[in-house]
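Written out below as structure tokens is the structure these notes cover.
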Amino acid sequence: MKWSETYIPTLREFPAEAEIISHKLLIKAGYIRKLTSGVYNYLPLMQSVLLKITNIVREEMNKSGAQEILMPVLHPAELWQKSGRWETVGKELMRMRDRHQRDLVLGGTHEEVVTNLIKGEIRSYRQLPVNLYQIQTKFRDEIRPRFGLMRGREFLMKDAYTFDANEKSFNISYQKMVDAYFKIFKRCGLETKMVESDTGAMGGKAAHEFMVIVDTEGGENIIFYCDRCDYSANIDKASSFDLKEIKSEGFTEKETFKKMEKVHTPDKKTIEEVTLFLNQPPEKLVKTLIYRADGNLVAALIRGDKEINEVKLKNALGCIQLEMADSESIKKLTKAEVGFSGPVGLKGVKMIVDEQIPNLFNFVTGANQNDYHLVNVNSERDFKIDQVADIKTAKEGEGCPKCKKGRLKTDRGIEVGNTFMLGTKYSQSLGATFIDKDGKEKPFIMGSYGVGITRTAQAAVEKYHDEKGIIWPVSIAPLHINILPVNIQDQTQKNVAFDIYQRMKENKMEVLIDDRDERAGVKFNDSDLIGLPLRITVGEKYLKKKKVELTLRGKNETLFCPKEEVLEKSKKILEKLKAVF
RNA sequence: CGGGGUGUAGCGCAGUCUGGUAGCGCACAUGGUUUGGGACCAUGGUGUCGGAGGUUCAAAUCCUCUCACCCCGACCA
Numbered sequence: 001m002k003w004s005e006t007y008i009p010t011l012r013e014f015p016a017e018a019e020i021i022s023h024k025l026l027i028k029a030g031y032i033r034k035l036t037s038g039v040y041n042y043l044p045l046m047q048s049v050l051l052k053i054t055n056i057v058r059e060e061m062n063k064s065g066a067q068e069i070l071m072p073v074l075h076p077a078e079l080w081q082k083s084g085r086w087e088t089v090g091k092e093l094m095r096m097r098d099r100h101q102r103d104l105v106l107g108g109t110h111e112e113v114v115t116n117l118i119k120g121e122i123r124s125y126r127q128l129p130v131n132l133y134q135i136q137t138k139f140r141d142e143i144r145p146r147f148g149l150m151r152g153r154e155f156l157m158k159d160a161y162t163f164d165a166n167e168k169s170f171n172i173s174y175q176k177m178v179d180a181y182f183k184i185f186k187r188c189g190l191e192t193k194m195v196e197s198d199t200g201a202m203g204g205k206a207a208h209e210f211m212v213i214v215d216t217e218g219g220e221n222i223i224f225y226c227d228r229c230d231y232s233a234n235i236d237k238a239s240s241f242d243l244k245e246i247k248s249e250g251f252t253e254k255e256t257f258k259k260m261e262k263v264h265t266p267d268k269k270t271i272e273e274v275t276l277f278l279n280q281p282p283e284k285l286v287k288t289l290i291y292r293a294d295g296n297l298v299a300a301l302i303r304g305d306k307e308i309n310e311v312k313l314k315n316a317l318g319c320i321q322l323e324m325a326d327s328e329s330i331k332k333l334t335k336a337e338v339g340f341s342g343p344v345g346l347k348g349v350k351m352i353v354d355e356q357i358p359n360l361f362n363f364v365t366g367a368n369q370n371d372y373h374l375v376n377v378n379s380e381r382d383f384k385i386d387q388v389a390d391i392k393t394a395k396e397g398e399g400c401p402k403c404k405k406g407r408l409k410t411d412r413g414i415e416v417g418n419t420f421m422l423g424t425k426y427s428q429s430l431g432a433t434f435i436d437k438d439g440k441e442k443p444f445i446m447g448s449y450g451v452g453i454t455r456t457a458q459a460a461v462e463k464y465h466d467e468k469g470i471i472w473p474v475s476i477a478p479l480h481i482n483i484l485p486v487n488i489q490d491q492t493q494k495n496v497a498f499d500i501y502q503r504m505k506e507n508k509m510e511v512l513i514d515d516r517d518e519r520a521g522v523k524f525n526d527s528d529l530i531g532l533p534l535r536i537t538v539g540e541k542y543l544k545k546k547k548v549e550l551t552l553r554g555k556n557e558t559l560f561c562p563k564e565e566v567l568e569k570s571k572k573i574l575e576k577l578k579a580v581f
């Protein structure tokens with residue numbers, strides 16, 4: 001490829017619209033351009049990267065026995081109504097109407113369509129298992145698209161769906177996908193961590209996410225892992241136990257119930273204020289948070305030093321919509337300002353408490369009266385608990401729920417893939433069944449598996465860059481080599497550069513030649529910016545000695561070699577780079 | 001949806017408070033000098049000032065409405 005004939009619109013300045021480094025670099029280096037919020041054009045270099053990634057995905061999927069298909073983007077609303085997701089997915093679902101006023105959906109995932117596809121056609125357990133996948137554009141009406149391709153409204157995704165006759169077979173299918181995913185990301189140059197995750201609107205029994213660990217702001221997800229065993233989970237799933245509960249006496253061993261008393265706490269609303277005022281540790285306080293779950297008010301209780309995890313709360317309540325109640329509703333319910341809510345005497349609401357609460361004795365709560373708190377409150381004696389559940393957010397340093405010995409640590413990650421154990425949620429709701437060995441009709445056991453293609457590309461940039469630009473892993477670099485004649489006006493330089501270029505092309509090497517009549521600085525900077533792994537500099541300095549320079553992107557060292565040997569040398573270097581992945 | 005902010009040349013921005021010829025840098029075009037890390041000189045082209053309405057002799061500037069985009073939060077298959 002000649003640079004002069006390729007659309008690579010690099011910028012001198014960082015774009016104002018981008019926030020994180022990978023987004024800035026993709027725009028500056030001429031890989032992507034925004035059309036509208038969360039929607040991007042992929043320019044030639046980007047398209048090449050995406051093809052590299054999809055090829056890797058395709059190879060590994062095919063190896064695992066999956067079959068590639070292509071399903072429609074446009075779905076009838078009816079299917080989504082049958083599965084229930086017309087309601088549960090809510091506003092993220094991109095909806096539209098046709099000229100007959102029929103509701104349609106722009107697919108953001110294809111469980112409904114794929115289930116419908118095999119329904120009635122796969123009738124026997126003998127035809128199972130089946131794994132179908134596609135690589136296709138997906139639509140999600142994100143509330144706030146951001147970070148370029150990280151959270152777009154339109155993006156490329158590989159999605160796969162498995163159908164099995166029984167749990168045993170399903171577990172094998174699931175493991176195959178997990179193995180394939182580790183291979184896919186590894187081949188893309190990305191180490192990933194597999195973490196337990198919430199199933200969300202997807203439904204099903206369990207789910208995992210594949211995270212690229214980064215230490216930049218691009219890592220949107222907080223993941224927890226144990227420093228002793230292999231436990232790891234994302235923030236919405238991670239559970240933990242509190243070391244304090246075990247260490248400090250009085251929390252687990254029964255204290256004697258003290259008499260409940262009302263104390264005057266003027267203007268002390270926050271945990272911090274009450275803690276200071278009453279000289280009690282935050283662990284002795286209990287927060288009462290009023291939520292609205294599918295329209296009904298719910299009181300959620302949690303220890304003062306913990307944070308509620310709304311995903312966990314939502315799951316525990318089994319509701320679709322969950323939001324903090326507005327202050328008017330709270331005042332009406334508690335007859336007090338927000339900040340003085342408490343469980344004692346609260347009527348007409350479901351009382352859900354975190355699993356730590358039943359172990360607490362003689363704690364402090366709001367009194368449902370302005371400027372008053374209650375001390376020495378005890379559950380069951382002073383108020384009734386309707387439900388106990390883990391509804392708190394895990395914190396770094398807390399105990400591992402799996403091995404009980406290690407402590408939890410945190411990392412920031414970019415979710416590049418996910419896998420869901422769907423069970424029979426979709427096969428049942430859409431009536432997709434087969435006849436099993438025993439002659440009985442049963443719903444398929446399903447799994448679904450996604451890889452964000454565009455997100456993976458950006459995750460690689462977020463992971464591999466320096467102050468000058470992108471440093472692509474060789475396996476997904478748009479091209480391998482950039483030949484840079486320092487001064488294209490110089491006939492010798494030009495001839496040598498083009499000679500190398502021609503020979504490399506004849507050898508099917510992936511090569512770009514910067515044949516632009518630009519000054520050296522511009523070319524060097526652009527070369528670093530677009531981030532091809534190997535640069536071959538042809539300049540006056542060393543040409544006199546019949547030598548050209550080989551420079552690895554991201555490394556400072558430069559190798560000199562006679563121009564006759566550059567082809568072999570380059571091949572060797574690239575082979576070595578490839579071997580790393 | 002709530003809070004904050006921005007829309008002026010291809011890109012980055014000034015000008016808006018205090019109404020009076022629409023600017024700067026980069027990029028672009030032509031000519032020349034230069035040529036190993038974002039050159040220099042000269043000349044030149046470039047705008048519905050996001051849109052609509054209003055106030056005014058006069059609006060990028062003031063008022064009303066509206067659209068788009070960005071950030072924080074809620075949300076996230």
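Number 94 in the working numbering belongs to position 94 of the first sequence; there are no gaps in the numbering.
Cβ coordinates follow ideal geometry from the N, Cα and C atoms, glycine included.
Asked                                                                                                                                                                                           : Found
Since Arg-516 and Ser-4 are thought to touch, with beta carbons under 8 Å apart, how far apart are those beta carbons, to the nearest angstrom?                                                 : 5 Å
What are the start and end residues of the beta strand (DSSP E) that includes Asp-411?                                                                                                          : 408 to 423
Name the two residues that bound the continuous beta strand (DSSP E) containing Gly-450.                                                                                                        : 445 to 452
Can Gly-531 and Trp-472 be called in contact, C-beta distance under 8 Å?                                                                                                                        : yes
Helix, strand or coil: how does DSSP classify Ile-246 here?                                                                                                                                     : With a pLDDT of only 47 at Ile-246, under 50, the local geometry of the prediction cannot be trusted, and no value is derived from it.
Applying the 10 Å Cβ sphere with the 16-neighbour rule, what's the burial state of Gln-134?                                                                                                     : buried
For Asn-315, count neighbouring C-beta atoms within 10 Å of its own C-beta (all shown protein chains included) and say buried if the count is 16 or more, exposed if not.                       : buried
Can you give the Cα-Cα distance for Gly-366 and Lys-335, rounded to whole angstroms?                                                                                                            : 12 Å
By how many angstroms is the C-alpha of Tyr-161 removed from the C-alpha of Phe-251?                                                                                                            : Any reading at Phe-251 must be qualified, since the residue scores a pLDDT of 48, below 50, and its modelled position is unreliable; no value is offered.
Closest by CA to Pro-76, which one among His-110, Ala-233, Asn-171, Ala-66?                                                                                                                     : His-110
Can you list the beta strand (DSSP E) stretches of 3 or more residues lying completely in the stretch 269 to 338, in chain order?                                                               : 286 to 293, 296 to 303, 322 to 324
How would you label Arg-209, buried or exposed, when you count the other beta carbons within 10 angstroms and need 16 or more for buried?                                                       : In the sequence as displayed, the identity of residue 209 is Glu instead of Arg. Answer is buried; the Cβ neighbour count reaches 16.
Going by the CB atoms, is the gap between Asp-382 and Val-349 shorter than 8 Å?                                                                                                                 : no
Give every residue of the same chain whose Cβ lies closer than 8 Å to the Cβ of Gly-65, excluding the five residues on either side of it in the sequence, and list them in chain order.         : Asn-131, Lys-176
Give every residue of the same chain whose Cβ lies closer than 6 Å to the Cβ of Gly-339, excluding the five residues on either side of it in the sequence, and list them in chain order.        : Lys-269
Inspect the CB distances between the stretch 518 to 532 and the stretch 15 to 33 and report whether three or more fall short of 8 Å.                                                            : yes
Quick one, are the C-beta atoms of Ser-240 and Ile-290 less than 8 Å apart?                                                                                                                     : no
With a threshold of 16 other CB atoms inside 10 Å of the CB of Tyr-449, please say whether the residue is buried or exposed.                                                                    : buried
Considering Cα atoms alone, identify which of Asn-482, Met-351, Phe-185 is closest to Met-1.                                                                                                    : Asn-482
Return the first residue and the last residue of the alpha helix (DSSP H) that Met-94 is part of.                                                                                               : Unbroken run through Met-94 is the beta strand (DSSP E), 94 to 97; no alpha helix (DSSP H).
Please report the straight-line C-alpha distance between Arg-33 and Leu-43, rounded to a whole angstrom.                                                                                        : 8 Å
For Ile-246, is the classification buried or exposed, using 16 other Cβ atoms within 10 angstroms of its Cβ as the cut-off for buried?                                                          : Below a pLDDT of 50, predicted positions are generally treated as unreliable, and Ile-246, at 47, falls in that range; no measurement from the model is reported.
With C-beta atoms as the reference, is Arg-407 less than 8 Å away from Gly-399?                                                                                                                 : yes
What's the call for Val-566, buried or exposed, on a 16-neighbour Cβ count within 10 Å?                                                                                                         : buried
Starting from the C-beta of Arg-503, find all residues in its chain whose C-beta is less than 8 Å away, skip the five residues before and the five after it, and write them out in chain order. : Leu-567
Buried or exposed: Tyr-606, going by 16 or more other Cβ atoms within 10 Å of its Cβ?                                                                                                           : In the structure as shown, the chain begins at 1 and stops at 581. Residue 606 is therefore absent and cannot be evaluated.
Residues in the same chain with beta-carbon distance under 6 Å from Tyr-464, minus the five sequence neighbours each way, listed in chain order, please.                                        : Ile-471
Which same chain residues end up closer than 6 Å to Leu-11 when comparing Cβ atoms and leaving out the 5 residues on each side of it in sequence?                                               : Lys-28
Can you find the residues in the same chain that come closer than 7 Å, C-beta to C-beta, to Ala-16, ignoring five residues on each side of it along the sequence?                               : none
Specify the secondary structure class of Met-177 as computed by DSSP and reduced to three states.                                                                                               : helix
Sorted by chain position, which residues of the same chain lie with C-beta nearer than 6 Å to Ala-520's C-beta, five sequence neighbours on each side aside?                                    : Val-486
With distances taken from CA atoms, which of Tyr-542, Val-461, Ile-536, Ser-83 is nearest Thr-216?                                                                                              : Val-461
Rounding to the nearest angstrom, what Cα-Cα distance links Asp-159 and Lys-306 in this structure?                                                                                              : 37 Å
Can you list the beta strand (DSSP E) stretches of 3 or more residues lying completely in the stretch 534 to 558, in chain order?                                                               : 534 to 538, 547 to 552
Going by the DSSP bridge assignment, what does Gly-54 pair with across the sheet?                                                                                                               : Checking the displayed sequence, the identity of residue 54 turns out to be Thr instead of Gly. For Thr-54, which the question treats as bridged, DSSP gives no partner whatsoever.
Compute the distance between the beta-carbons of Leu-128 and Phe-163, then report whether it is under 8 Å.                                                                                      : yes
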